[in-house]
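Colleague:
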Amino acid sequence: MERKIKIAGIQLASVSERERNISKADMLVELAASEGARVIALPPLFSSHWFPAAIDNRNFALAEKEDGPTVTFLREAAIKNKVVVIGGVFEEDGDKYYNTAIVAGPDGLIGKYRKVHVPQIPLWEERAYFNPGDLGFPVFDTPYGKIGVLICWDVFFPEGWRVLALNGAELVVALTASAFEHSHRKWERAISAAAHANGFFVLRVNRVGKEEKQEFYGRSFSAGPDGEFVEKPSGSSEGIVVAEVDLGEVSDVRNEWVFLRDRRPGEYMDIIRGTK
18 MERKIKIAGI
28 QLASVSERER
38 NISKADMLVE
48 LAASEGARVI
58 ALPPLFSSHW
68 FPAAIDNRNF
78 ALAEKEDGPT
88 VTFLREAAIK
98 NKVVVIGGVF
108 EEDGDKYYNT
118 AIVAGPDGLI
128 GKYRKVHVPQ
138 IPLWEERAYF
148 NPGDLGFPVF
158 DTPYGKIGVL
168 ICWDVFFPEG
178 WRVLALNGAE
188 LVVALTASAF
198 EHSHRKWERA
208 ISAAAHANGF
218 FVLRVNRVGK
228 EEKQEFYGRS
238 FSAGPDGEFV
248 EKPSGSSEGI
258 VVAEVDLGEV
268 SDVRNEWVFL
278 RDRRPGEYMD
288 IIRGTK
């Protein structure tokens with residue numbers, strides 16, 4: 018059965034002023050909605066500059082609670098435009114901090130995902146700021162399909178993708194902050210392969226813009242459950258990338274490529290135990 022919807026990624030070049038980033042995001046969400054998109058995604062930490070490029074305790078002032086300006090914007094934008102909006106925020110929860118994706122819909126806040134795999138490499142000093150996510154890999158039942166979320170480094174870990182598939186995800190939104198143009202094919206191969214291996218659609222939305230030491234290259238795209246591009250990688254400019262997907266294809270592809278059926282969970286225990 019056909020279940021066609023339009024999905025959109027917003028490529029945003031963020032600056033240090035939160036209000037400017039949110040204002041620009043608001044305009045682009047409205048534009049994407051006017052073009053028929055019903056699921057709209059913004060990059061990770063879109064309302065700030067890429068502060069994890071360096072370790073500086075002053076950056077903790079950027080963290081927000083659930084009633085903060087970024088979460089409030091995402092919720093209000095989803096209600097106003099009658100869409101699902103997903104975007105990244107530096108979340109403060111008690112004495113812990115997370116790289117979080119907020120999922121909001123036409124009726125308000127739906128839920129959130131906290132990034133599980135937190136890197137510590139030059140220019141991505143994320144462990145200095147973020148605790149590993151503790152919410153698992155939730156799938157959100159939205160008016161426009163069952164949606165899972167991954168954030169950046171998560172995409173290179175197959176376990177998260179598989180848990181989302183087993184929990185019924187039809188669309189996975191991957192929010193990324195990838196720079197260095199030479200790396201783009203690695204991301205595209207990893208994401209497209211995961212889409213096929215798990216039989217769902219994936220929308221990858223990447224930051225754009227030159228910051229102090231990095232230039233985020235964009236190239237947002239969507240892949241289908243067959244692993245092929247639905248919308249080929251875009252350029253490096255600010256704007257929206259829209260694709261039409263048919264969520265009805267998910268069950269069709271899974272019935273043809275029966276990877277989930279043929280799993281042997283009992284043989285995978287070393288993944289949990291670890292190997293020597």
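In terms of the working numbering, the sequence shown opens at residue 18 and continues consecutively. In this text, a Cβ means the ideal position worked out from N, Cα and C, and glycines have one as well.
1) Do we get a CB-CB distance below 8 Å when we pair Phe-173 with the residues of chain B?
2) Could you give the uninterrupted runs of the beta strand (DSSP E) lying entirely in the region 84 to 136, keeping only those of 3 residues or more?
3) The beta strand (DSSP E) spanning Lys-227 covers which residue range?
4) Could you give the first and the last residue of the continuous beta strand (DSSP E) run that contains Gly-26?
5) Quick check on the DSSP output: what are the complete beta strand (DSSP E) runs of length 3 or more inside the region 198 to 239, in order along the chain?
6) Below 8 Å between beta carbons: does that hold for Ile-39 and Thr-87?
7) Note down the Cα distance separating Glu-198 from Cys-169, rounded to an integer number of angstroms.
8) Determine, using beta-carbon pairs with one atom in the region 190 to 207 and one in the region 144 to 157, whether at least three such pairs fall under 8 Å.
9) With a floor of 4 residues, list each alpha helix (DSSP H) that falls wholly inside the region 135 to 165, ordered by position along the chain.
10) Assign Phe-77 to one of two classes, buried (16 or more other C-beta atoms within 10 Å of its C-beta) or exposed (fewer than that).
11) Given a cut-off of 8 Å, decide if Leu-140 and Gln-231 are closer than it, judged by their beta-carbon atoms.
12) Whose CA, out of Pro-160, Gly-153, Leu-192, lies closest to the CA of Glu-176?
13) Whose CA, out of Arg-290, Val-225, Gly-252, Ile-127, lies closest to the CA of Glu-93?
14) Please identify the residue among Gly-235, Lys-129, Gly-265, Ala-42 whose C-alpha is closest to the C-alpha of Tyr-115.
15) For Trp-274, which of Ser-253, Pro-282, Ile-257, Gly-216 has the nearest alpha-carbon?
16) Name the residue from His-134, Leu-220, Ala-30, Glu-83 whose alpha carbon lies nearest to the alpha carbon of Gly-111.
17) So, at 6 Å on beta carbons, what are the nonlocal neighbours of Ala-50 in its own chain, with the 5 sequence-adjacent residues on each side left out?
18) If I follow the unbroken alpha helix (DSSP H) through Leu-183, where does it start and stop?
19) If Gly-226 and Gly-252 are in contact, beta carbons under 8 Å, what's the gap, nearest whole angstrom?
20) Leaving out five residues on either side along the sequence, give the residues of the same chain with a beta carbon under 7 Å from the beta carbon of Val-102.
21) Taking DSSP's pairing of strands, which residues face Phe-276 in a bridge?
Modeller: Reading off the structure:
1) You won't find chain B in this structure, because it holds only one protein chain.
2) 101 to 110, 113 to 122, 125 to 131
3) 225 to 227
4) 21 to 28
5) 218 to 223, 225 to 227, 232 to 234
6) yes
7) 15 Å
8) no
9) none
10) exposed
11) yes
12) Gly-153
13) Ile-127
14) Lys-129
15) Gly-216
16) Glu-83
17) Asn-98, Val-100
18) 175 to 183
19) Their Cβ separation, rounded to whole angstroms, is 13 Å, which puts Gly-226 and Gly-252 out of contact at 8 Å.
20) Val-46, Ile-57, Leu-91, Ala-94, Ala-95, Ala-121
21) Answer is none; Phe-276 lacks a bridge partner.
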